[in-house]
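Asks: In the numbering used here, the protein residues as written are 377 to 465. Would you mind keeping the following structure in view while I ask a few things?
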């Protein structure tokens with residue numbers, strides 16, 4: 377009879393351990409889901425930042441072109457002023 381009681385206790389401990397491991401497994405799966413959601417959000421933020429960087433690069437290029445055009449127009453205006461000054465009226 378004592379062996380039967382020991383076996384029941386061992387089985388009870390195994391069942392308790394299985395319940396604990398099952399609960400822990402569920403908690404870990406929940407945490408994994410949370411972390412995957414956070415990772416997805418971070419990836420979306422990263423893509424947004426990359427797009428903003430591309431936009432900034434495009435704006436830098438536009439500014440550079442506009443500065444070049446401004447210098448060209450400035451030079452043309454200076455040449456026209458010189459020509460006007462050289463003409464006697």
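Quick reminder that beta carbons are idealized off the backbone N, C-alpha and C, glycines included.
(1) Using a Cβ-Cβ cutoff of less than 7 Å, which residues in the same chain neighbour residue 421 once the five nearest sequence positions on both sides are dropped?
(2) May I ask you to report which of helix, strand or coil DSSP gives residue 463?
(3) Can you tell me which of the three DSSP states residue 377 falls into?
(4) Just the Cα atoms here: how many angstroms apart are residue 393 and residue 386?
Replies: Result, derived from the coordinates:
(1) Indexing the chain shown from 1 puts residue 421 at position 45. Result list for residue 421: empty, nothing under 7 Å.
(2) Position 87 of the chain shown, counted from the start, is the residue given in the question as residue 463. Look at residue 463 here: in three-state DSSP terms it is coil, with no helix or strand label.
(3) Translated into the one-based positions of the chain shown, residue 377 becomes position 1. Assignment of residue 377 by DSSP, reduced to helix, strand and coil, places it in the coil class.
(4) Position 17 of the chain shown, counted from the start, is the residue given in the question as residue 393. Position 10 of the chain shown, counted from the start, is the residue given in the question as residue 386. So the two alpha carbons sit approximately 10 Å from each other.
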